[in-house]
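Inspection log for the structure reproduced underneath, given as structure tokens.
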Amino acid sequence: MEQQPSSPMRVLVIAAHPDDIEYGVAGSVARWVDEGAEVIYCVVTDGAAGTEDLNADPAEVAALRQKEQRTAAAVVGVTDMRFLGYPDGILQPTLEVRRDITRLIREVKPYRVVCQDPTTILVGDRYVNHPDHRAAGEAAMYAVFPSAVVPLIFPELLEEGLPPHRIAELYMFVTLQPDTHVDISSSIDRKIEALLCHTSQVSPESGDRVRERSAEWGKEVGFAYAERFRVMRFEQR
Ligand SMILES: [Zn+2]
Numbered sequence: 048m049e050q051q052p053s054s055p056m057r058v059l060v061i062a063a064h065p066d067d068i069e070y071g072v073a074g075s076v077a078r079w080v081d082e083g084a085e086v087i088y089c090v091v092t093d094g095a096a097g098t099e100d101l102n103a104d105p106a107e108v109a110a111l112r113q114k115e116q117r118t119a120a121a122v123v124g125v126t127d128m129r130f131l132g133y134p135d136g137i138l139q140p141t142l143e144v145r146r147d148i149t150r151l152i153r154e155v156k157p158y159r160v161v162c163q164d165p166t167t168i169l170v171g172d173r174y175v176n177h178p179d180h181r182a183a184g185e186a187a188m189y190a191v192f193p194s195a196v197v198p199l200i201f202p203e204l205l206e207e208g209l210p211p212h213r214i215a216e217l218y219m220f221v222t223l224q225p226d227t228h229v230d231i232s233s234s235i236d237r238k239i240e241a242l243l244c245h246t247s248q249v250s251p252e253s254g255d256r257v258r259e260r261s262a263e264w265g266k267e268v269g270f271a272y273a274e275r276f277r278v279m280r281f282e283q284r
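Counting from 48, one number per residue, gives the positions in the sequence shown under this note's numbering.
Written as structure tokens, this is what we have:
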């Protein structure tokens, strides 16, 4: 079961693509915002590969997807958005990406970070996890620890006035080892509404599928609807 820290708490959600957050965590975000949390979104890639139109202008696709992401975030009460702008589809967990996320963690000082589980490769028998998801997850995980915690990793961040920060909890989605279900029964409609804001990417049927999956996950623990996470909890010093 989910542990509730004292409110208000700050949550930083990091994901590879515009729409990943809506698929994985927007229902929980809506609940956390309802409970007084302040939530910040960070999207690592520019989403420019998210089209099948070979004549599309990548810059236009990226701009459209950023707009869709802002609209989707607003549905669940999130207005603070950070776009790191790495090229979509070829993301690697480089030190540059890790430093950018470390900078953000030290600036935002979240209690909880949410990212994609970097250990997920194959999901069931019909989904190969997108390598960008793993790359964003790995960069975020190693930014959380050790990079955000150890002062002499990325010493340039100290010079920018950003001292170390230790988060309390790491929630990972797109995971094969879920150990925590968040009850999103009160926010499932907003989750689907947020998902459908990505009009260049999803259809109403995508919304139906996500609703069904959320119901299946809810059934596992007696909720009408749930999102699932693998959660790490770190000792606070
Ligand atoms: Zn994605």
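Ideal Cβ placement from N, Cα and C applies to all residues, glycine included.
Just checking His-228 against ligand 1 - is the residue's beta carbon closer than 7 Å to any of the ligand's heavy atoms?
Position 181 of the sequence shown, counted from the first residue, corresponds to residue 228. Outside the cutoff, so no.
Taking His-180 as part of the alpha helix (DSSP H), name the residues at either end of that continuous run.
For the purposes of this step, residue 180 is taken as residue 133 along the sequence shown, with counting starting at 1. Its alpha helix (DSSP H) spans residues 178-189.
Arg-275 lies in the beta strand (DSSP E); which residues open and close that run?
Taking the sequence shown and counting its residues from 1, the one referred to as residue 275 is at position 228. Run containing Arg-275: 273-280, per the beta strand (DSSP E) assignment.
Out of Glu-263, Val-122, Ala-273, Ala-96, point me to the one whose CA is closest to Ile-137's CA.
Position 90 of the sequence shown holds residue 137. Nearest Cα to Ile-137 within the set Glu-263, Val-122, Ala-273, Ala-96: Ala-96.
Looking at the secondary structure, which residues open and close the alpha helix (DSSP H) in which Thr-118 lies?
The residue given as residue 118 occupies position 71 in the sequence shown. First-last of the alpha helix (DSSP H) with Thr-118: 105-122.
Closest to Val-257 by CA distance: which of Thr-246, Glu-274, Leu-204, His-228 is it?
For the purposes of this step, residue 257 is taken as the residue at position 210 of the sequence shown. Val-257 has its Cα closest to that of Glu-274, out of Thr-246, Glu-274, Leu-204, His-228.
Cβ of Asp-164 versus every heavy atom of ligand 1: is any distance shorter than 7 Å?
Position 117 of the sequence shown, counting from 1, holds the residue named residue 164. No, Cβ of Asp-164 sits at least 7 Å from all heavy atoms of ligand 1.
Can you grab the Cα-Cα spacing for the pair Glu-115 / Arg-173, in whole Å?
Walking along the sequence shown from the start, residue 115 turns up at place 68. Walking along the sequence shown from the start, residue 173 turns up at place 126. Taking the straight line from one Cα to the other gives about 27 Å.
Going by DSSP, what residues sit across from Val-86 in a beta bridge?
Taking the first residue of the sequence shown as position 1, residue 86 is located at position 39. Answer by DSSP bridge pairing, in chain order: Val-58.
My assumption, with CB atoms under 8 Å, is that Ala-190 sits in contact with Thr-149. Please give the rounded CB distance.
Position 143 of the sequence shown holds residue 190. Position 102 of the sequence shown holds residue 149. Indeed they touch by this definition, with Cβ atoms about 4 Å apart.
Going by DSSP, what residue range makes up the alpha helix (DSSP H) through Asp-25?
Examination of residue 25 is not possible in this model, given that the chain is present from 48 through 284 alone.
So, are the CB atoms of Gln-113 and Pro-55 less than 8 Å apart?
Position 66 of the sequence shown, counted from the first residue, corresponds to residue 113. Position 8 of the sequence shown, counted from the first residue, corresponds to residue 55. No, the Cβ-Cβ distance between Gln-113 and Pro-55 is not below 8 Å.
Smallest Cα separation from Leu-111: which of Thr-98, Val-122, Asn-102, Pro-251?
Looking up residue 111 in the sequence shown gives position 64. Per the Cα distances, Thr-98.
Looking at Val-123 and Val-76, is the spacing between their C-beta atoms short of 8 Å?
By 1-based counting over the sequence shown, the position of residue 76 is 29. By 1-based counting over the sequence shown, the position of residue 123 is 76. Taking 8 Å as the Cβ cut-off, Val-76 and Val-123 qualify as a contacting pair.
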